[in-house]
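Data block below; observations after.
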Amino acid sequence: MTTEQNYITDELRNAVGVESEPEVYEVEKGAINRFAEAIDDPNPLYRDEAAARSSRLGGIIAPPTFFRAMRAGPPRVRVESPLKRNLDGGSEWEFYEPVRPGDRIAVTQRLAGVVQRPGRLGPMVIMTRETRYVNQLGQLVAIQRSTGISY
Amino acid sequence: MAKVLYWEDVQEGMEVPTLVKHPTTQQLVKYAGASGDFYQIHYDTEFAKRNGLPGVIIHGALKNAFLAQLMTDWIGEYGALRKLSCQYRGMDVPGDALTCKGHVTKKYREGDRYLVDCDIWLENGKGERTTPGGATVQLPSRTAAPLP
Chain F
1 MTTEQNYITD ELRNAVGVES EPEVYEVEKG AINRFAEAID DPNPLYRDEA AARSSRLGGI
61 IAPPTFFRAM RAGPPRVRVE SPLKRNLDGG SEWEFYEPVR PGDRIAVTQR LAGVVQRPGR
121 LGPMVIMTRE TRYVNQLGQL VAIQRSTGIS Y
Chain W
152 MAKVLYWEDV QEGMEVPTLV KHPTTQQLVK YAGASGDFYQ IHYDTEFAKR NGLPGVIIHG
212 ALKNAFLAQL MTDWIGEYGA LRKLSCQYRG MDVPGDALTC KGHVTKKYRE GDRYLVDCDI
272 WLENGKGERT TPGGATVQLP SRTAAPLP
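Protein chains in written order, with the working numbering: chain F, 1 to 151; chain W, 152 to 299.
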């Protein structure tokens, strides 16, 4: 039995918990429209100004996963996957406030955890990232926890 | 006037109305543009094959969006999606019909919030659950003020 190489470097371990710089994303109505069209969701709340205005929400809002169009600011410490091939393992979302055209969303991300496990194709390094989205009023609008698998 | 789904109308075990999606390669290109995810395995067949894939595959996040629509179509504008999760266990390819399904696992109150938990998943054309997940929604109650 061979000992598996440890791919979790000190650098990676020390990156856990360090929040990135924020990056501010300005929400444009056209970007919401294009996103709704791309996911093929005909919900009038995302596209129809008049229908959205007369709804409970009072105006156009973004689809729940529109946050995927936003990027976090650069990490304050290097977070580099030690293995070359990457897979998206999944996401967990918490939604608190709607996102509207004109919002300015500050996006930060931190590495929340990193573990190594044996996989079918050799060792896998599983990184959990937490991304926080805060609007111009200082309200936390959403949290995304995503799992990245490198192998 | 849109239909309202009240918390009182939901029972544990109840099914979420099924949503069928028909993603195409054109949709993957649109999603790449709209989301900024330009990983070539989603639109460059040769690149995907060089990486050991059968061809281009659907963005996990696009399947995530389909599962979000499953829930928002069901609850309508008077409810709110609070939590959504999914795991990408299997790859899905354009041209296949993808069916989003779910059922209610728990109905409960938390303070003044009327909540419902669901198991949800996405099935490929062979009926295999490639993308299991979960969701929590907040619904209006007949006995309480509507959601703000």
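C-beta: ideal position from N, C-alpha, C; glycine also.
Open item on the list: I'd like to know whether the C-beta of Gly241 of chain W is nearer than 8 Å to at least one C-beta of chain F.
Closed with: no
- [ ] List the whole-angstrom C-beta distance separating Lys258 of chain W from Glu163 of chain W, where the pair is believed to meet the contact cut-off of C-beta under 8 Å.
- [x] 6 Å
Open item on the list: Spatial neighbours of Glu19 of chain F within its chain, please: C-beta separation below 6 Å, excluding the five flanking residues on both sides.
Closed with: Thr108 and Arg110
Task: Euclidean distance between Cα positions of Ala31 of chain F and Glu37 of chain F - done: 10 Å
Open item on the list: Could you compute how far the alpha carbon of Ala69 of chain F sits from the alpha carbon of Ala185 of chain W?
Closed with: 7 Å
TODO: Within its chain, find whatever has a CB closer than 7 Å to the CB of Arg132 of chain F; leave out the 5 residues flanking it on each side and keep chain order.
DONE: Thr108, Leu140 and Ile143
Task: Given 8 Å, three or more beta-carbon pairs between the stretch 42-62 of chain F and the stretch 196-205 of chain W - done: no
Task: Any chain F beta carbon closer than 8 Å to Ala295 of chain W - done: no
- [ ] Apply the 10 Å Cβ neighbour rule to Arg129 of chain F and answer buried if 16 or more other Cβ atoms are within range, or exposed otherwise.
- [x] buried
- [ ] Counting only the same chain and skipping the five closest in sequence on each side, list residues whose C-beta sits under 7 Å from that of Gly227 of chain W.
- [x] Ala153, Lys154, Val155 and Leu156
Task: Contacts that Tyr182 of chain W makes with chain F (C-beta to C-beta distance below 8 Å) - done: Ala38 and Ile39
Open item on the list: Taking 8 Å as the threshold (beta carbon to beta carbon), is Met1 of chain F in contact with chain W?
Closed with: Low confidence applies to Met1 of chain F: its pLDDT is 44, below 50, so where it sits in the model is not reliable, and the reading given next is rough at best. Taking Cβ atoms only, chain W never reaches closer than 8 Å to Met1 of chain F, which makes this a no.
- [ ] Can you say whether Leu121 of chain F is buried or exposed, counting buried as having 16 or more other CB atoms within 10 angstroms of its CB?
- [x] exposed
- [ ] Taking Leu137 of chain F as part of the alpha helix (DSSP H), name the residues at either end of that continuous run.
- [x] Where Leu137 of chain F is concerned, there is no enclosing alpha helix (DSSP H), given that its DSSP letter is neither H nor E.
Open item on the list: I'd like the ranges of any alpha helix (DSSP H) spanning at least 4 consecutive residues and lying wholly in the stretch 169-237 of chain W.
Closed with: 176-186, 196-201 and 211-226
- [ ] Give the straight-line distance between the Cα atoms of Lys214 of chain W and Gly246 of chain W, rounded to the nearest whole angstrom.
- [x] 14 Å
- [ ] Determine which residues of the stretch 227-241 of chain W have a Cβ less than 8 Å from any Cβ of chain F, and write them out in chain order.
- [x] Glu228, Tyr229, Ala231, Leu232, Arg233, Lys234, Leu235, Ser236, Cys237, Gln238 and Tyr239
Task: DSSP three-state assignment for Asp88 of chain F, whether helix, strand or coil - done: strand
Open item on the list: Strictly below 8 Å CB to CB, what residues from chain W border Ala69 of chain F?
Closed with: Ala185, Ser186 and Gly187
Task: Arg201 of chain W beta carbon near the ligand COA (any heavy atom closer than 7 Å) - done: No copy of the ligand COA appears in this structure; indeed no ligand is present at all.
Open item on the list: Counting only Cβ-Cβ distances shorter than 7 Å, please list the residues of the stretch 53-64 of chain F near chain W, keeping chain order.
Closed with: Ser55, Arg56, Leu57, Pro63 and Pro64
Task: Which of helix, strand or coil DSSP assigns to Trp268 of chain W - done: The sequence shown places Asp at residue 268 of chain W, rather than the Trp named in the question. Strand.
Open item on the list: With DSSP as the reference, identify every bridge partner of Met124 of chain F, one or two as the case may be.
Closed with: F:Arg117
TODO: Would you grab the beta carbon distance between Leu218 of chain W and Gly284 of chain W for me? Rounded to a whole angstrom, and I think it's under 8 Å.
DONE: 6 Å
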